[in-house]
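**Q**
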Amino acid sequence: MEEALYKAVDEIQFGILSPQEIRRLSVVEIQTADTYDEDGATITSGLMDGRLGTLEPRQRCRTCGNTAAGCPGHFGHIELAVPVVHVEFIHIIYDLLRATCRNCGRILLPDSEIEKIRNRMRHITEMMGSIPDSFYHRVFERARKSRECPHCGAEQYKIEFSKPTSFYENGQRLIPSVIRERFERIPDEDLKLLGFDPKRARPEWMILQVIPVPPVYVRPSITLESGIRSEDDLTHKLVDITRINQRLKE
């Protein structure tokens, strides 16, 4: 009997996929909201493209060549016409806008205080092994009180949040592309002071430029007794996104 190999899991780390990583993992860019043609065949670059996997037992996946029993499914992606704020991270985005400089991107704390925070972080890590969230919350609170950047001297304006995803600075709306550009200027070392791991979660990745499209296994279509094909709710939502995206590109 063949001996099975196994590995023990030491830890699980979570992060945010960068636009480059989403594109790298993708096998096809979705460019049309259509799914099947009149003959029931999947439409190329559509949301049920054969490269995303196959649901039919006798068909082979156009990416891996396996049948439905052996194909793991493959991700696609949608290139957004305009950047979009990720609603899941709305409060983190709000905190970052208030804690970093609108001009140079640096954390709004003087170098002397930054050095004290780094020393404190090293001490806590040596004593406890990890830094509690409450520590980073206090750093955010101290940074957002500054009204002038201690690094470049730029004046800082009041940031206001309006549900669901709008931000205003000094009464002027901040569009997602501007927010993304600001976050791109934040140095990795400053992000660490705020609890970020820059290798796994850069803040500009919270402003979506590209979204992943799950394999067809995640959102299988079914055929009703009447013979009509019914799509999964997730596919319907992706159809809405694709159609709106196409209109914005026109």
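For the sequence shown, position 209 matches number 209 in my numbering, and the numbering has no gaps at all. Note that CB positions come from ideal geometry on N, CA and C, so glycine has one too. Quick caveat, the model's predicted, so the values are computed rather than measured.
On a CA-only basis, which of I211, S177 and T100 is nearest E189? Give me that one, please.
**A** Per the Cα distances, T100.
**Q** According to DSSP, is G50 helix, strand or coil?
**A** helix
**Q** In or out: R51 buried (at least 16 other Cβ within 10 Å) or exposed?
**A** buried
**Q** For Q246 and K192, what's the separation of their Cα atoms in angstroms?
**A** Rounded to the nearest angstrom, the two C-alpha atoms are 38 Å apart.
**Q** Using a Cβ-Cβ cut-off of 8 Å (strictly less than) and excluding sequence neighbours within five positions of P220, which residues of its own chain qualify?
**A** Answer for P220: L55 and D232, listed in chain order.
**Q** Say whether the stretch 163-175 touches the stretch 113-128, bearing in mind that this needs 3 or more beta-carbon pairs closer than 8 Å, one atom from each stretch.
**A** Under the 8 Å Cβ criterion, the stretch 163-175 does not count as touching the stretch 113-128, having fewer than three qualifying pairs.
**Q** Please specify which runs of the beta strand (DSSP E), each continuous and at least 3 residues long, are wholly inside the stretch 27-96, giving them in chain order.
**A** 76-85
**Q** Measuring straight from C-alpha to C-alpha, what distance separates I253 and Y6?
**A** The chain is shown from 1 up to 250; residue 253 falls before or after that span and cannot be answered.
**Q** For a test of your reading of the model: does the CB of V218 fall under 7 Å from any non-hydrogen atom of the ligand GTP? Yes or no.
**A** What this structure holds is no ligand at all, so the ligand GTP is not there to describe.
**Q** In the DSSP assignment, find the beta strand (DSSP E) that holds S162 and state where it starts and stops.
**A** I159 to S162
**Q** Does the stretch 173-180 come into contact with the stretch 78-87, if we say contact requires no fewer than three beta-carbon pairs (one atom in each stretch) closer than 8 Å?
**A** yes
**Q** Should H77 and I43 be called a contact, given that it needs their Cβ atoms to be closer than 8 Å?
**A** no
**Q** Could you check if A201 is buried or exposed, using at least 16 other CB atoms within 10 Å of its CB as the buried criterion?
**A** buried
**Q** So P187 packs on R106, CB below 8 Å; how close in whole Å?
**A** 7 Å
**Q** Quick check: the Cα distance between E148 and I159, rounded to an integer number of angstroms?
**A** 14 Å
**Q** Might you give, ordered along the chain, the residues of its own chain that have their beta carbon closer than 6 Å to the beta carbon of A143, omitting 5 neighbours on each side?
**A** Sequence-distant Cβ neighbours of A143 in its own chain, meaning closer than 6 Å and more than five residues away, are A99, I107, L108 and L109.
**Q** So, are the CB atoms of F89 and V27 less than 8 Å apart?
**A** no
**Q** Quick check on T165: does DSSP put it in helix, strand or coil?
**A** The answer is coil: DSSP assigns T165 none of H, G, I, E or B.
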